[in-house]
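Heads up, the sequence shown is in full-length UniProt numbering, so the first residue is 1 and it goes up one at a time.
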Amino acid sequence: MTVLRPRPAPARPAPGASSSLTKSQRLLGRDWRLAALFIGPTLVLVAGLILFPIVSSIFTSATERHGAETVFVGLDNYTALIDDTLFHTGVLNSFVFTAYAEIFKVTLGLIAALMLHHMRRGRAIVAGVILLPWVVPTVVTAFTWRSLFDPIFGSVNVLLTDSGIGPGLAAIGLVDKWPAEWLSDPNLAMPAVILVNVWKGIPFFAVTFLAGLKAIDSGLYEAAMVDGASPWQRFVHITLPGLRHVMIVTVLLSSIWTFNNFDLIWLMTQGGPGDATAPYVMVAYSKAILQLQLGAGAAVTLVMLPIIGILVVILVRMMRRNDLPSAGDMGRRRLTPAQRRAMPWVIVVVSVLVLVWASPQIVWKAALVLGVFVLLAAAVGRVVSAFAARGNRVAARLVSGTGTGVALVGLLGFVLAPLYWMTITAFKSDDQIVARTDDLWPTPWTTEQFTNLFTGRAFGTWYVNTILVSVASTVIALVCAALAGYALARLRFRGSESFTVTILLTYVMPGALLFIPLYQMMSGIGLNDSLWSLVLAYPTFTLPFATWLLVGYFKSIPADLEEAALVDGCTRFGAFIRIVLPLAKPGLLAVALFTLTNAWNEFLFAFVFITNDDYKTLPVGMQSMIFGDVVPQGQLAAASLLISIPVVLMYALGQRFLTEGLTAGAVKG
């Protein structure tokens, strides 16, 4: 049967554009000249600081340093890794660290999101409090928990002993002895750093899952309730499927970050005791920076590239799912419904088997702890369902409210306790810290630690350096991202789709792949031990995200406003300056806040590039305050408080703009 369709109306040329295009415009796109001007700075930075260093790292991995000379050795650095037990241990540690951290972050983040979603009052305040661990710098997180875990000066052992929980943990075998030596016991060090990573990561999962819950159609729940579905059935058949896309993207993104984690583990344990917590990134750092074998270090990072690449490709496809429907349809056609249902279970079973093989001493402990959380949540849900089925809605609401309240108090206690400990330690005297008097409330309060911090130390210089580097790198990222984001969102030119995908790929590319070639590059041009090395390097992890976010935000601005300005005689660049940028203030502020805080908190590049005290930033400077076993607990707490306050204030003041900017960018980007 022939179907007659109306002829589509001819496309109307944009105002101010000629109806006939030149040969170059037909070949490269109507706006290619302006696009080249707008994208040029970002293209130079991405190519020079990300793509070229990765290619350079490949060549470096085929070399070896012999005295003052560097010789070509082909694949020798890669073949040497086959028998390198330290490398094997590092890869295994990275996998174990990532797997357990993601399992707990997904579970606890989902529970936190469900609690927040069902809160009627105070949701914004509670969400802001839960976000604090994600906001505070990693160096603050590491030193605070390191202080808490300290067997002499910390409070974890004291509180667990006084409550009777600690001896109980030893009785059931969760710890080998009591009091526990959390960071110096090979069997406890890895669970301890996993716990800290979970503490810092729960807010990210909770906030993203909460956004996913809000996007689920409430009519589905109402229809299910009419059909008599229990809360558990609604959770399994509506909530989880509705969160599937958000969960996959969040877990993949977090897995890439966690697998390549360096700063948290280094600041807490430096890979010890022995090599019990050393990830593969630390192995690469040891070979390249400490042993000056750049080729061997580059080989360690590049041999992990296929694994990271698979995760990155899957993540990019998921993040661009709406733009690539045919690819998703093809993937769905390859699998039958039974295969799609079985795939998650296959992945779970395979992951559990690998964890049993990789960490037999941890797996049953993690299963026990995780099982307690899941069983408690399931038990409360079952009791609520039973009361609701009998028509006793008052009892159902009472049990549900009580269970949610207890869980919320426990979550807030877990989130706030380390931050409270950091704050009160900063206002204790050295005598109080050493004598363990007035652990939970300083008596008297004193500013001794702040005075000592600025006396005879370069802390003020570190603070100024951090401000200068953060502001300079933020300005560079903001200007370049605004220009490139507008070009990708509005201008027509060949290669825009490919450049957008490249931006996404570089956004999730871990710094572990870049620090060796960038270190080599900075040494080659004489910028090591210079703040300029950080100003140039920081856009590698801020610019791609900023560009991707602003692409989405610019797409959310109606194009008719620009067209009206063009009709009135305004140039494209003039419309960008006078019309688009003022309307994009929330997106620009979100980008500025994100880039500024990331530059403020960055550790790996600053740790590798800077050795001179006069050029250190706060995270690296604080790490250098520790001399062997001498840890100035009070001064580190005071420094942690001073480095955290600006970040927390920025997020508190810019939370509305951050939410609006991220939401628009996520929807369109």
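All C-beta atoms in this analysis are idealised placements derived from N, C-alpha and C, irrespective of residue type, glycine included.
- Fewer than three pairs of CB atoms, one per stretch, sit closer than 8 Å, so the region 449 to 463 makes no contact with the region 564 to 576.
- Residue pairing by DSSP places V630 opposite F627 in a beta bridge.
- Taking 4 residues as the shortest admissible run, the region 277 to 323 contains the following complete alpha helix (DSSP H) segments, listed from N- to C-terminal end: 280 to 285, 294 to 303, 305 to 319.
- Pairing F609 with T138 gives a Cβ-Cβ distance that is not under 8 Å.
- The alpha helix (DSSP H) runs lying completely inside the region 234 to 274 and spanning 4 residues or more are 240 to 259, 263 to 268, given in chain order.
- Per DSSP, the continuous alpha helix (DSSP H) segment holding V96 begins and ends at 85 to 117.
- Of the other Cβ atoms in all chains shown, fewer than 16 fall within 10 Å of the Cβ of F72; this residue is therefore exposed.
- In this structure, the straight-line span from the alpha carbon of L160 to that of A180 is close to 10 Å.
- Contact between the region 188 to 208 and the region 258 to 276 is present, with at least three C-beta pairs closer than 8 Å.
- With contact defined as three or more Cβ pairs closer than 8 Å, the region 100 to 107 and the region 391 to 400 are not in contact.
- For A224 and S385, the gap between their C-alpha atoms comes out near 14 Å.
- Closest option to I39, judged by alpha-carbon separation, among K23, A487, A47, I557: A487.
- Annotation: the continuous alpha helix (DSSP H) that includes V46 extends over 32 to 46.
- For T79, no beta strand (DSSP E) segment is defined; the enclosing uninterrupted segment is the alpha helix (DSSP H) at 76 to 80.
- Pairing S640 with V469, the inter-Cα distance amounts to about 19 Å.
- Here F427 carries a coil assignment [DSSP, helix/strand/coil].
- R494 sits in coil when the DSSP states are folded into three classes, being neither helix nor strand.
- T85 sits exposed, since fewer than 16 C-beta atoms from the chains shown fall within 10 Å of its C-beta.
- The closest CA to that of S94, considering only I130, N197, T60, is found on N197.
- If one requires a minimum length of 4 residues, the alpha helix (DSSP H) runs lying completely within the region 455 to 509 are 459 to 490, 496 to 507, in chain order.
- Out of R457, V591, A584, A189, the CA that lies nearest to the CA of M622 is found in R457.
- With fewer than 16 other Cβ atoms from the protein chains shown falling within 10 Å of its own Cβ, K177 counts as exposed.
- DSSP places V369 within a helical segment (H, G or I) once states are collapsed to three.
- Distance from V591 to L549 at the Cβ level is roughly 6 Å; contact confirmed, criterion being Cβ atoms closer than 8 Å.
- Counting only the Cα atoms, I111 lies some 36 Å from Q635.
- Inclusion of T239 and F205 in the CB contact set at 8 Å is not warranted, their separation being larger than that value.
- Within 10 angstroms of the beta-carbon of G271 lie 16 or more other beta-carbons, which makes it buried.
- Ranking T22, R234, G295, R123 by CA distance to the CA of S56 puts G295 first.
- When the five nearest sequence neighbours on each side are left out, the beta carbons in the same chain lying within less than 7 Å of the beta carbon of P53 are those of L514, P517, L518, M521, in order along the chain.
- 8 Å or more divides the Cβ of N260 from the Cβ of V226.
- Taking G485 as the centre and dropping the five residues before and after it, the same chain places the C-beta of T547, L550, V551, F554 closer than 7 Å to its C-beta, in chain order.
- The beta carbon of I58 is closer than 7 Å to those of L302 in its chain, skipping five residues each way along the sequence.
- Per DSSP, V71 is not a residue of any alpha helix (DSSP H); the beta strand (DSSP E) it occupies stretches across 69 to 72.
- The region 158 to 175 makes no contact with the region 345 to 354; the number of CB pairs closer than 8 Å stays below 3.
- Rounded to whole angstroms, T423 and S644 show a C-alpha spacing of 11 Å.
- Counting the other Cβ atoms within 10 Å of the Cβ of N392 gives fewer than 16, which makes it exposed.
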